[in-house]
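A short worksheet on the structure shown next.
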Amino acid sequence: MERKKVIKEMIGDSPALRKLREEIGKVAKTKTTVLVRGESGTGKELVAKAIHELSPRAKQPFIKVNCAALTETLLESELFGHEKGAFTSAFNSRKGRFEAADKGTLFLDEIGEISASFQAKLLRVLQEQEFERLGSNHTIKVDVRVITATNRDLEKAVRSNEFREDLYYRINVVPLRVPALRERRGDIPLLAAEFLKNFNAENDRTLTFTPEAIEALMNCDFPGNIRELENCVHRTAVLATGPSILRTHLACCVGQCFAKALWKDGPCKIAQQPEPTPSTEASAAVAVPPVGSGQAPVGPAAAAHLNGRRVPDADTVIAAMEKCGWVQAKAARLLGLTPRQIGYVLRKYGVKIKRL
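Under numbering that gives the first Met the number 0, the letters of the sequence shown match residues 0 to 355, in that order.
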């Protein structure tokens, strides 16, 4: 099976992603234990699956366990299995995940969340490839490749005695770092297009992004990474009424990506304008067109309120507000507007004033 087919879900062609693909291809051929590291939402499970699918174990089971979702007792039963009567609700014997993954791959997500006492039990299995079910003295031997993942600073956890040093070295044989989405912005258009394509297929829609919307997405930091981008696209598509998604539709980015795009070249991106006079404010207040209509101000006040310039859209106003600490008077002076005009734009888009 060709590698491109196997890891087709890893969408993108950025240098960071190409490097990760190369590393996956190398470690997949071995039996080495791998620690996948990266922020939440970067796709660590996808990396683990790719390693499995490219390995000699590809035809064997790939089993995932989220260590953070289970208590210590449940996690022990989940991984090692139990015999009938091992505890109150153990009405039948049950194989654990290690047995289920025999000859295959076991992916332990959120490995940094397991308790200190369970760390010792896990260490033994990783070292000896053997264990006992709960309620049994019979030792079971398995052949399992273990891949772990975490978004925690395990080195810090080791120093603070929250994570066993010997277990750390056991799982950290080959570390693979999954880049954050902000480190591979060039992949955002491809990812967003894929998410929108999936939405269209599931909902019988034909939505598309405008170039400005894609540019806006590329200027977002997305602290939640790919998961946040997918949610952003889905949420925007659900609420979209026209055939295209505009940048002003991207509520997930308002106040973040537009501000970054506006200020990337420094504060001179928006020229300082003279403070409007009271008479200008009064006449301009009735000349502001609906935000996002693309129309210039009309009527006798049009030339007076901005010296002939169009009223900035919501994105520009929000960016100015961010720059000025959400003080309307300062943002108004920066843009050459009145506080009333800025207030109009903010109300139009339902943006509440931040109290810093």
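Each residue gets a CB set at the ideal place from its N, CA and C atoms; glycine is no exception. As the structure is a prediction and not an experimental result, all values here were calculated from the model.
7 Å Cβ shell around residue i - same chain, five flanking residues per side excluded
{"i": "residue 13", "result": "183, 185, 186"}
{"i": "residue 91", "result": "83"}
{"i": "residue 101", "result": "141, 142, 143"}
{"i": "residue 328", "result": "338"}
{"i": "residue 96", "result": "62, 64, 77, 78, 105"}
{"i": "residue 319", "result": "269, 330, 333, 334"}
{"i": "residue 111", "result": "149, 151, 153, 156, 162"}
Buried versus exposed call for residue i [16 or more other C-beta atoms within 10 Å across all chains shown]
{"i": "residue 143", "result": "buried"}
{"i": "residue 20", "result": "buried"}
{"i": "residue 115", "result": "exposed"}
{"i": "residue 241", "result": "exposed"}
{"i": "residue 340", "result": "buried"}
{"i": "residue 26", "result": "buried"}
{"i": "residue 158", "result": "exposed"}
Candidates the options, of which the one nearest residue i by Cα
{"i": "residue 243", "options": "208, 103, 232, 221", "result": "208"}
{"i": "residue 65", "options": "113, 27, 81, 51", "result": "113"}
{"i": "residue 118", "options": "57, 74, 138, 237", "result": "74"}
{"i": "residue 94", "options": "172, 341, 134", "result": "134"}
{"i": "residue 88", "options": "158, 159, 98, 72", "result": "72"}
{"i": "residue 68", "options": "41, 109, 194", "result": "109"}
{"i": "residue 333", "options": "345, 343, 316", "result": "316"}
Contacting residues, own chain, Cβ-Cβ under 6 Å from residue i (five flanking each side not counted)
{"i": "residue 124", "result": "130"}
{"i": "residue 336", "result": "none"}
{"i": "residue 191", "result": "216, 232"}
{"i": "residue 275", "result": "Confidence in residue 275 is poor, its pLDDT being 38 and thus under 50, which makes the residue's placement unreliable; the coordinate value appears in the next sentence. Excluding positions up to five away in sequence, the list reads 337."}
{"i": "residue 39", "result": "150"}
CB contact below 8 Å: residue i versus chain D
{"i": "residue 194", "result": "Judged by its chain identifiers, the structure shown contains no chain D, having just a single protein chain."}
For residue i, the three-state DSSP class (helix, strand or coil)
{"i": "residue 108", "result": "strand"}
{"i": "residue 61", "result": "strand"}
{"i": "residue 18", "result": "helix"}
{"i": "residue 80", "result": "strand"}
{"i": "residue 329", "result": "helix"}
8 Å CB neighbourhood of residue i in its chain, flanking five on each side removed
{"i": "residue 28", "result": "53, 54, 55"}
Pick out the complete beta strand (DSSP E) segments inside the region 21–59, 3 residues or longer, and give them in chain order.
33–36
Ignoring anything shorter than 4 residues, give me the alpha helix (DSSP H) runs that lie fully in the region 183–244, in order along the chain.
187–202, 210–217, 224–238
Inside the region 108–186 only - alpha helix (DSSP H) runs reaching at least 4 residues
115–127, 153–158, 164–170
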